[in-house]
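Report on the structure given below.
Number of protein chains: 2
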Amino acid sequence: MKFCSHCGNSVSARIPQGDDRQRYICDHCDTVHYQNPRIVAGCLVTWEKQVLLCKRAIEPRHGFWTLPAGYMENGETTEQAALRETWEEARARVHQQQLYMLFNLPHINQVYMFFRAQLSDLDFSAGEESLDVQLFDEADIPWNELAFPTVGKTLRRYFDDRQQEHYPVRMEDITYQPGNRPIR
Amino acid sequence: MKFCSHCGNSVSARIPQGDDRQRYICDHCDTVHYQNPRIVAGCLVTWEKQVLLCKRAIEPRHGFWTLPAGYMENGETTEQAALRETWEEARARVHQQQLYMLFNLPHINQVYMFFRAQLSDLDFSAGEESLDVQLFDEADIPWNELAFPTVGKTLRRYFDDRQQEHYPVRMEDITYQPGNRPIR
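Protein chains in written order, with the UniProt record's numbering: chain A, 1 to 184; chain B, 1 to 184.
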């Protein structure tokens, strides 16, 4: 951030009075520009024993498999965001959605929220951000071709929970490991 | 938003190519400025049968009682944010925190996340944003002087769940009711 979105003058990174964090503050109108984490909402969509994955048509991780998910927009609920992303990326209609997995990713300022949901019919297809959409049995999950750690962790947790048919809401932290590339 | 925070030139509200929502886009450098919901994180702090409330020293709802909570910052987890706010507003140390209530407030672009937590000692006090901090028995909760609907709903749910000693994670939507003032 270099300029004030309110008046167009330059900003400096300073600690506002009464605060303890550096913020971008306008040198002219004194507006403080806060920056906050974003929510990524998506669905773990199932059809009988199978789960739905999308092959990404965009970076990052072009060509890798993911659960349909994306940034929550202003004016919607997390559930609406998850269903919208599922429609946009997999053209999939779902029902019985329930909050399932939350991930904190503080190194990239994101909070993931995945809902479990049941596919309503088999009339799904790749949306603009997907190369392909497929249903996978547990034995056929492309574990080495998953786009993000959040996807693998959610799938593993789901297959575990499915054995007990009990799906409590869980929260996990995923943090940057020095020496590795930043993970998502 | 009137100016591009990247180059300082003016922005217009337009729908970017391949998008379906109006965004602020720079007329000069074409940067798209996305705006997304923010997370408010806080704690329902208990001590034996009592719950901890803070009397707000700031607007909105100056003088009304609230659970300690505030905007999650970049670089932290939701749990860290909830504990930080509990320290800042109530100077309270807690332990055994667990995710409890989530609220979607799409009319004000917020998602609330409350953790249940146990107070570690009675050495708490009003932080800068609080006029007072007190422990309340259920019978003494100032129901008509609570700052926000999220606070009352979380307290009611807690007193209900406490009877079964079972505290599942729950998500609720709180939406704007036309004719009323916007609620939080």
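All C-beta atoms in this analysis are idealised placements derived from N, C-alpha and C, irrespective of residue type, glycine included.
key: A:LEU122 classed as buried or exposed, judged by whether at least 16 other C-beta atoms fall within 10 angstroms   = exposed
inquiry  = What would DSSP say about A:LYS115, mapped onto helix, strand or coil?
reply    = Checking the displayed sequence, the identity of residue 115 of chain A turns out to be Phe instead of Lys. Of the three classes helix, strand and coil, the one that applies to A:PHE115 here is strand, per DSSP.
ask   = Which residue spans inside the stretch 57-99 of chain A form an unbroken alpha helix (DSSP H) run of at least 4?
value = 78-90
inquiry  = Would you say B:ALA6 lies against chain A (beta-carbon separation less than 8 Å)?
reply    = Strictly speaking, residue 6 of chain B in this sequence is His, with Ala absent from that position. Yes, because at least one Cβ of chain A sits closer than 8 Å to the Cβ of B:HIS6.
message = Can you check which of these residues, B:HIS33, B:ALA57, B:PHE114 and B:ASP173, is closest to B:SER12 by C-alpha distance?
response = B:HIS33
ask   = Taking Cβ positions only, does B:ASP19 come closer than 8 Å to chain A?
value = no
ask   = From the beta carbon of A:PRO106, is the nearest beta carbon of chain B less than 8 Å away?
value = yes
message = Would you say A:ILE183 lies against chain B (beta-carbon separation less than 8 Å)?
response = Low per-residue confidence applies at A:ILE183: pLDDT is 46, beneath 50, and the placement is therefore not dependable, though the value from the model is reported in the following sentence. With 8 Å as the cut-off, A:ILE183 does not count as an interface residue toward chain B.
message = Please report the straight-line C-alpha distance between A:SER125 and B:GLN164, rounded to a whole angstrom.
response = 45 Å
message = I want to verify the contact list: residues of chain A whose CB lies under 8 Å from the CB of B:LYS2, in sequence order.
response = SER5, HIS6, CYS7 and GLY8
request  = Go ahead and label B:PHE159 buried or exposed: buried means 16 or more other beta carbons lie within 10 angstroms of its beta carbon, across all protein chains shown.
outcome  = exposed
Cutoff 8 Å: B:THR78 Cβ touching any chain A Cβ = yes
task = Consider the Cβ of A:GLN22: report whether some Cβ of chain B lies at a distance smaller than 8 Å.
result = no
message = Please identify the residue among B:GLN134, B:ASN104 and B:GLN22 whose C-alpha is closest to the C-alpha of A:THR78.
response = B:ASN104
request  = Examine chain B for any beta-carbon lying closer than 8 Å to the beta-carbon of A:ILE15, and answer yes or no.
outcome  = no
ask   = Are the beta-carbon atoms of A:LEU53 and A:PHE114 separated by less than 8 Å?
value = no
inquiry  = For a test of the three-state rule: what should DSSP assign to B:ARG170, helix, strand or coil?
reply    = strand
query = In the stretch 28-51 of chain B, which residues sit with their C-beta less than 9 Å from some C-beta in chain A, listed in chain order?
reply = HIS33, TYR34, GLN35, ASN36, PRO37, ARG38 and ILE39
query = For B:SER120 versus B:ARG93, is the C-beta distance shorter than 8 Å?
reply = yes
ask   = In chain B, what lies closer than 9 Å to A:TYR71 by C-beta?
value = TYR34 and ASN36
query = Any C-beta of chain A sitting closer than 8 Å to the C-beta of B:GLU94?
reply = In the sequence on display, residue 94 of chain B carries Val and not Glu. So, not an interface residue.
ask   = Do B:GLY70 and B:GLU59 have their CB atoms nearer than 8 Å?
value = no
task = Assign A:GLY127 to one of three DSSP states: helix, strand, or coil.
result = coil
ask   = Which residues bound the alpha helix (DSSP H) around A:THR150?
value = 149-164
ask   = If B:LEU99 sits next to B:VAL169, beta carbons under 8 Å apart, how far is it from one beta carbon to the other, in whole angstroms?
value = 5 Å
task = Return helix, strand or coil for B:HIS33, following the three-state DSSP convention.
result = strand
query = Just by C-beta distance, which residues in the stretch 155-177 of chain B are closer than 7 Å to chain A?
reply = VAL169, MET171 and ASP173
ask   = What are the boundary residues of the beta strand (DSSP E) that includes A:THR175?
value = Taken as a continuous stretch (DSSP letters only), A:THR175 belongs to no beta strand (DSSP E), as it is neither H nor E.
ask   = What is the rounded straight-line gap between the Cα of A:ARG14 and the Cα of A:THR46?
value = 48 Å
message = Can you tell me where the beta strand (DSSP E) holding A:SER12 begins and where it ends?
response = 11-14
ask   = For B:GLN110, which option in B:TYR176, B:CYS7 and B:ARG23 has the closest C-alpha, if you only look at C-alpha atoms?
value = B:TYR176
query = Based on Cα-Cα distance, which residue from B:GLY18, B:CYS26, B:GLN50 and B:LYS55 lies nearest to B:VAL133?
reply = B:LYS55
task = Indicate whether at least one CB of chain A lies closer than 8 Å to the CB of B:LEU99.
result = yes
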